[in-house]
Amino acid sequence: MLDEKAQPQSALDTVETRREGQIYEVTQLDRNRFNLWSTIGIQFSVTAAPLGIAGYTTLITGVGGSPFYFWGFLVAVIGQLLVAVSLAELSSAYPHTSGQVYWTATLSPPKYARFLSYLNGAMTIFGWVFASAGTAVFAAEFFVSFSQLVSDTYEPTSWQIFLLVIAALIVAFILNTLLVNIVPNLTAFMVVFLNIAALFICITLLAVVHPKASAKTAFIDVVNATGWSSDGLVFFLGLLPGMMTVCLFDTAAHMAEELPQPERQVPIVMLANAILSATGSLIMVTSLIFCTTHPEKLLQPLAGMPILQICWDALPSKAFVIV
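Here it is as structure tokens:
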């Protein structure tokens with residue numbers, strides 16, 4: 003029988019090996035590496051919500067247009083905020099780096115806990131893989147779009163896009179391994195940078211676009227070019243931009259071992275990021291729907307990116323669009 007005094011105080015401190023009946027100390031991470039602000043920066047940088055929602059105009063072009071972009075965003079954000087509140091409560095009660103995998107094992111009936119937590123973990127890993135791949139592809143397409151904008155004769159090929167995807171993944175790998183020590187400061191800076199960049203786009207568009215789209219065009223006139231006869235079905239596709247920008251709340255949970263007070267700070271990070279992302283994205287969405295003066299051009303946008311077409315229609319300057 004194990005000595006009661008040797009029992010682990012929390013799941014974060016030790017690991018129990020029941021088969022050998024011994025307790026092994028886990029190598030502790032530096033709990034002071036990240037503070038509240040830098041952790042918010044990490045979670046906010048993952049989604050880059052205000053700029054991400056602008057890039058996701060690709061997903062709503064011809065899929066309901068401005069009305070579904072706006073109303074779909076609101077519906078999605080309300081649902082995502084409810085998810086954030088639920089996960090924040092769980093992370094307060096059970097702060098653990100495994101996040102949802104640990105919560106599933108803890109809260110499930112003992113008979114099914116192992117299977118359900120394994121299934122949750124597998125789905126989480128698949129989600130990380132697909133999200134990482136999608137992010138790299140999205141970044142590569144942006145670089146290609148900028149190249150097409152600079153050079154009228156440039157025609158991208160599949161192998162060039164593939165190499166850019168690999169390059170984006172290599173940069174991410176280096177940042178998370180060799181340069182991991184600069185990540186806290188970098189992510190704290192990104193909170194400020196991303197919001198300033200979003201404000202720059204919003205203010206510039208609102209200042210130069212005249213006349214702006216009417217309220218009827220922005221909130222009511224649905225543009226359904228999907229081929230589906232049901233606008234209701236198409237509306238659900240319009241939920242994607244909002245769901246993809248206000249999400250990934252478990253990011254903070256996986257950093258529980260690197261925060262001084264995870265039971266307090268992880269929930270704050272989750273809710274603060276959700277509110278910050280929702281607010282910044284709402285400002286961006288509202289600006290874009292009123293500054294989209296030629297929606298018909300978005301079906302065949304400049305360099306394949308609707309957001310670039312919106313910026314070009316507002317101010318036909320390569321310097322502005324690239325910046």
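Here this note's numbering is used: the first residue of the sequence shown is 3, the next is one more, and so on. Note that beta-carbon positions come from the ideal geometry of N, C-alpha and C, so glycine has one too.
Residue pairing for Gly66: DSSP places it in a beta bridge opposite Val225. Closest in alpha carbon position to Arg116, among Leu201, Tyr104, Phe140, Thr126, is Tyr104. Look at Phe145 here: in three-state DSSP terms it is helix.
Collapsing the DSSP output to three states places Gly81 in a helix. One alpha carbon belongs to Phe251, the other to Leu89, and they sit about 8 Å apart.
DSSP places Ile168 inside the alpha helix (DSSP H), whose first and last residues are 160–177.
Between the segment 118–127 and the segment 282–302 there are fewer than three C-beta pairs closer than 8 Å, too few to call the two in contact.
The beta carbon of Glu157 is closer than 7 Å to none in its chain, skipping five residues each way along the sequence. Nearest to Ala220 by alpha-carbon distance, out of Ile127, Phe292, Leu317, Gln311, is Phe292. In the structure shown, Trp230 adopts coil according to DSSP, grouped into three states.
In this structure, Ser279 sits near Ala51, with a CB-CB distance shorter than 8 Å.
Distance from the CA of Val224 to the CA of Ser100, rounded to the nearest whole angstrom, comes to 43 Å. Within the same chain, Cβ atoms closer than 7 Å to the Cβ of Ala305 are found at Ser147, Gln150, Leu151, the five residues on either side in sequence being excluded. The beta carbons of Gln82 and Met245 sit about 6 Å from each other, so the pair counts as a contact at 8 Å.
Here Phe72 has Ala220, Phe221, Val287, Thr288, Ile291 as same chain residues with Cβ atoms under 8 Å from its own Cβ, once five neighbours each way along the sequence are excluded.
Contact check for Ile55 against Pro243 passes: the beta carbons are separated by less than 8 Å. Under the three-state reduction of DSSP output, Phe128 falls in the helix class. Looking only at Thr49, Thr41, Tyr58, the smallest Cα-Cα distance to Ile312 is reached by Tyr58. Excluding its 5 nearest sequence neighbours in each direction, Val48 has C-beta neighbours in its own chain below 7 Å: Leu250, Thr253, listed in chain order. Below 8 Å, too few C-beta pairs join the segment 263–276 and the segment 233–243 to call them touching: fewer than three. Taking every protein chain shown into account, the CB of Val167 has 16 or more other CB atoms within 10 angstroms, so this residue is buried. DSSP places Phe140 within a helical segment (H, G or I) once states are collapsed to three. Approximately 19 Å separates the beta-carbon atoms of Gly66 and Val248; this is outside 8 Å, ruling out the contact.
Counting only unbroken stretches of 3 or more residues, no beta strand (DSSP E) element lies wholly within the segment 224–284. In its chain, beyond the 5 residues on either side, Thr59, Thr63, Gly64, Thr294, Pro308, Gln311, Ile312 have a beta carbon closer than 8 Å to the beta carbon of Leu300. In the structure shown, Asn37 adopts coil according to DSSP, grouped into three states.
Of the residues assessed, Ser40 falls on the buried side of the cut-off, its CB having 16 or more other CB atoms within 10 angstroms. Ranked by how close their Cα comes to the Cα of Ile198, the residues Glu91, Ile127, Gly282 have Gly282 in first place. Across the structure, Pro297 and Ala86 are spaced so that their CA atoms are roughly 34 Å apart.
Taking the C-beta atoms as reference points, Ala170 is found nearer than 8 Å to Ala141. Taking C-beta separations shorter than 6 Å and ignoring five residues to either side along the sequence, the partners of Val210 in its chain run Ala316, Leu317, following chain order. In this chain, Val182 is not harboured by any alpha helix (DSSP H), its DSSP state being neither H nor E. Non-local beta-carbon contacts of Ile270 in its own chain, meaning distances under 7 Å to residues more than five positions away in sequence, involve Leu38 in chain order.
Taking the CA atoms as reference points, Leu208 sits about 58 Å from Lys113. In the structure shown, Ser110 adopts coil according to DSSP, grouped into three states.
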